[in-house]
Every structure is written in C-alpha cells, then in structure tokens.
Amino acid sequence: MKRILVPGGAGFIGSHTLLALKAAGYEPLVLDNLGNGHRDAVLDTRLIEGDIRDSALLDSIFANENIDAVIHFAAFIEAGESVRDPMKFYDNNFAGSLNLVKAMNRHGVRKIVFSSTAAVYGESGEARLTEDLPKLPINPYGQTKWATECVLRDSAAADGLQAIALRYFNAAGADPQGRLGERHDPETHLIPLVLQAAAGMREAISMFGTDYDTPDGTCVRDYIHVADLAQAHVAALEHLFRLDDSPERPENGFYDAFNLGNGAGFSVREVVDTCRAVTGKEFTVKEEARRPGDPATLIADATRAKSVLGWKPQIPSLEDIISHAWHFMTSTNNR
Ligand SMILES: NC(=O)c1ccc[n+]([C@@H]2O[C@H](COP(=O)([O-])OP(=O)(O)OC[C@H]3O[C@@H](n4cnc5c(N)ncnc54)[C@H](O)[C@@H]3O)[C@@H](O)[C@H]2O)c1
C-alpha cells in the first residue's frame with residue numbers, strides 16, 4: 172500500500188481527500204499544525220501535529236515513514252488577509268512549500284500534488300480560463316501559489332521532481348455521506364455564508380454588484396464539489412505513479428498544471444436562490460456596490476484535466492453542492 176504524506180490534511184479539501192485516498196487503496200498520513208484545521212476532520216487517519224516550516228520534523232518523517240508521495244494542501248487561504256499581511260503568506264505558503272520541496276529532494280521523495288488556485292491568473296480579462304493564460308496574480312495569496320508552482324516546475328527540470336499543480340476554482344459542498352464538511356473560521360466563501368444566513372447564524376448576506384454584464388447582473392463563478400476535487404487528487408497521483416511505468420523517462424522530472432472546475436458558471440443570485448430552495452428558509456439579502464477586483468465571470472476550462480487525467484466532475488449540480496453543504500451544517504457531525 173502506498174503511503175501519502177498530506178500536509179494540511181486536517182483542513183476542508185485535505186480531509187475530504189483523505190476519504191478518497193483511502194477508498195482508492197492508499198494510506199494517507201496527515202501533517203498539520205491545526206492552525207486552521209480540525210483534529211477530528213482526519214477521522215481515523217494518523218495525524219502528526221507539526222509545521223511544514225519545521226525542517227527537522229520533515230527530515231524525520233521522510234527518513235522514517237516510507238513516504239511514496241506528497242499531496243500538499245497546507246497554506247493560508249484568504250486573499251484579502253494576504254493583502255493586509257503579505258509576509259504572513261509569503262512565510263507560510265511560499266517559504267513553507269519551498270521547505271517541503273527541499274526536504275523531499277534531500278530524501279529522494281519525488282512525487283507531489285500541489286493545491287494551487289485560479290487566483291494565479293489574476294484579472295486576465297477572459298471569462299473562461301485555460302492553463303496557458305499568463306500568470307499575473309493580483310494579490311499576495313495568488314503570488315505565493317504561482318511562486319510555489321515555479322519552484323515545482325524548476326525543481327522538476329533540475330532535480331527530477333515529479334509535480335502536478337491543481338488550480339482549483341471555488342471549492343464547495345461537503346462529503347455526500349455527511350462525514351465531513353466546510354468549517355472555515357472566519358468563513359469567507361459564498362455558499363457557506365449564504366447557508367449561515369439561512370440558518371439564522373448571520374443577519375443578512377451581501378451581494379456585491381448587481382450591474383455586471385452577466386445574465387442577471389451578478390458575478391458568475393465556477394463552484395466545484397469538494398468530493399470531485401478530492402477525486403482529482405487521486406487521479407493526479409495515479410498520473411504521477413504511471414510515470415514509473417514509462418520505459419523512456421522514469422528518472423526524469425515532470426511538471427504539469429491543471430484547472431479544476433465544473434466548467435459551468437453560477438451567478439451569485441443563482442446561489443442565493445438555490446440556497447433558499449434547498450433550505451426552505453427566508454433570509455435578508457443586501458444588494459451592495461461592486462467590490463474592486465471582482466471580474467464579472469470566472470469559469471474554468473477543465474478540458475485538460477479530463478483528457479490527460481481522465482477526471483471529470485461527478486456532482487456538477489448546484490443543488491447537490493448546496494444540499495450536501497446544508498446537510499453537514501445542520502447535522503450533529505458539525506462539531
Ligand atoms: N477552498 C478553496 O476554495 C480553495 C480554492 C483554491 C485553492 N485552495 C487551496 O487549497 C488548499 C486547502 O484549502 P482549504 O480550503 O482546505 O483550507 P483549510 O484552511 O481548510 O486547510 C488548510 C490546512 O493547512 C493547515 N496548515 C496551514 N499552514 C500549515 C503549516 N505551515 N504547516 C502545517 N499545516 C498547515 C491548516 O491547519 C489547515 O488544516 C490551500 O492550499 C488553498 O490555498 C482552496
């Protein structure tokens with residue numbers, strides 16, 4: 172059984188990926204400092220409480236735990252906070268990732284799947300984003316992710332690292348079986364915020380901008396079910412393991428990057444209306460002015476993930492995404 176080190180595995184997307192890894196026959200081992208994660212989110216997976224910036228800890232893990240590959244989620248995630256406190260983000264997201272890759276290289280662990288983001292594209296002016304667009308992030312969060320991708324790309328070329336960066340759009344939903352869900356604090360993502368309003372946990376929800384050039388005037392974004400994201404990590408890992416069977420170049424480095432999205436956009440108003448329909452609850456919606464830096468439409472072109480990794484979303488419906496999130500939010504599992 173292959174052992175996969177999962178830094179950040181106690182967080183939202185990482186914990187769902189543990190379920191997918193186990194279902195696919197892998198043995199995950201979580202490394203998480205629990206700064207933003209939850210100890211109980213790893214369920215029965217072994218957790219090492221620690222930090223990716225701790226080189227001695229990484230040396231001891233790679234020397235003793237027979238790690239075959241790494242799936243790296245550990246990062247701070249809030250773009251707005253990264254503008255206010257960029258050093259915090261460069262230190263954790265960039266220096267932490269650099270530290271992890273250096274430790275992998277020291278110990279000959281060559282395979283890594285990395286959580287990147289649609290934020291690497293910045294304001295491209297395109298509504299449908301393909302991987303080859305220029306990488307021009309507009310905030311330090313996106314910058315730290317793109318800089319880490321550059322580390323992976325360059326270490327692949329020079330050191331034989333085998334890396335896949337997955338650029339997620341908006342992760343949403345919860346485990347369809349209700350075992351796990353989203354528990355960010357503070358919460359900044361649209362679907363859980365609207366559901367919190369539906370649950371009476373916040374007074375109202377704000378809609379920023381209703382005069383965009385979109386069918387209903389509100390911003391259109393690509394929401395991808397977290398269970399589909401989790402499955403994409405297994406597909407990426409298997410792609411990296413298949414390199415070992417390639418007779419031409421098993422020793423060579425490898426780097427590629429894939430968008431992960433639904434390929435369909437949903438407007439803010441559609442999200443709000445679907446939350447009303449799924450929950451059967453009424454809540455106050457405030458229509459406010461546009462926020463600077465919010466493009467009208469951002470949708471993933473995930474064609475390459477489909478053709479190269481053989482991955483495609485299995486739960487594309489907005490109703491399903493929202494009802495899984497609502498089920499988790501209102502269930503006793505949401506500790
Ligand atoms: N949620 C999204 O919509 C989204 C979109 C694009 C990209 N991403 C990326 O996906 C990854 C996971 O996102 P998430 O929503 O699950 O976030 P999350 O905050 O729920 O999970 C991140 C986890 O990493 C841990 N962590 C952070 N810094 C660490 C460190 N130095 N050492 C050890 N552990 C550390 C946290 O404790 C947490 O458990 C992040 O890298 C994020 O940038 C998320």
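Each residue of the sequence shown is one higher than the last, beginning at 172 in my numbering.
Where a beta carbon is used, it is the ideal one built from N, C-alpha and C, also for glycine.
Because the structure is a prediction, the values reported are computed rather than measured.
Could you tell me the boundaries of the beta strand (DSSP E) in which aspartate 427 lies? The count along the sequence shown starts at 1 and reaches residue 427 at position 256. Under the DSSP assignment, aspartate 427 falls in the beta strand (DSSP E) whose first and last residues are 425–431.
Short check: CB of leucine 176 to CB of isoleucine 223, under 8 angstroms? For the purposes of this step, residue 176 is identified with residue 5 of the sequence shown, where counting begins at 1. For the purposes of this step, residue 223 is identified with residue 52 of the sequence shown, where counting begins at 1. Taking 8 angstroms as the cut-off, the beta carbon of leucine 176 is found no closer than this to the beta carbon of isoleucine 223.
Lysine 457 and serine 326 closer than 8 angstroms at C-beta: Along the sequence shown, one-based indexing puts residue 457 at 286. Along the sequence shown, one-based indexing puts residue 326 at 155. Not closer than 8 angstroms, so no.
Verify the contact flag: phenylalanine 499, CB atom, against every heavy atom of ligand 1, threshold strictly below 7 angstroms. On the sequence shown, residue 499 is found 328 positions in, with the first residue counted as 1. Between ligand 1 and phenylalanine 499, a heavy atom-to-CB distance of less than 7 angstroms is absent.
For glycine 208, is the beta carbon positioned less than 7 angstroms from some heavy atom of ligand 1? Counting from one through the sequence shown, the residue named residue 208 turns up at place 37. Residue side-chain check: glycine 208 places its Cβ nearer than 7 angstroms to a non-hydrogen atom of ligand 1.
Length of the line joining the Cα atoms of aspartate 472 and asparagine 433: Stepping through the sequence shown from its first residue, residue 472 is reached at position 301. Stepping through the sequence shown from its first residue, residue 433 is reached at position 262. Going from the Cα of aspartate 472 to the Cα of asparagine 433 covers about 8 angstroms.
Three-state secondary structure (DSSP) at methionine 172? Along the sequence shown, one-based indexing puts residue 172 at 1. Coil at methionine 172, not helix or strand.
Would you mind listing the beta strand (DSSP E) stretches within the region 201–233 that are 3+ residues and don't spill past its ends, in chain order? Taken in chain order, the complete beta strand (DSSP E) segments of 3 residues or longer contained in the region 201–233 are 217–220.
Within the present structure, is the beta-carbon of histidine 396 separated from the nearest heavy atom of ligand 1 by less than 7 angstroms? Position 225 of the sequence shown, counting from 1, holds the residue named residue 396. Not so, every heavy atom of ligand 1 lies at least 7 angstroms from the Cβ.
DSSP three-state label for valine 461, please. For the purposes of this step, residue 461 is taken as residue 290 along the sequence shown, with counting starting at 1. This sequence places arginine at residue 461; valine is not what is there. When DSSP states are grouped into helix, strand and coil, arginine 461 belongs to the coil group.
Please go through the same chain and pick out, in chain order, the residues whose beta-carbon is closer than 6 angstroms to the beta-carbon of histidine 404, but skip the five residues on each side of it. Residue numbering aside, residue 404 sits at position 233 when the sequence shown is read from its first letter. Excluding residues within five positions, the ones whose Cβ falls inside 6 angstroms are Thr188, Ile242 and Val284.
Could you tell me which whole beta strand (DSSP E) segments of length 3 or greater appear in the region 228–305? Fully enclosed beta strand (DSSP E) runs of 3 or longer: 240–243 and 282–288.
Span of the alpha helix (DSSP H) holding glutamine 348? Mapped onto the sequence shown, residue 348 falls at position 177. For glutamine 348, there is no enclosing alpha helix (DSSP H), as DSSP marks it with neither H nor E.
Output needed for glutamate 358: all residues of its chain with C-beta closer than 8 angstroms, excluding positions within five of it in sequence on either side, in chain order. Along the sequence shown, one-based indexing puts residue 358 at 187. Within the same chain, glutamate 358 has close Cβ partners Leu364 and Gln367.
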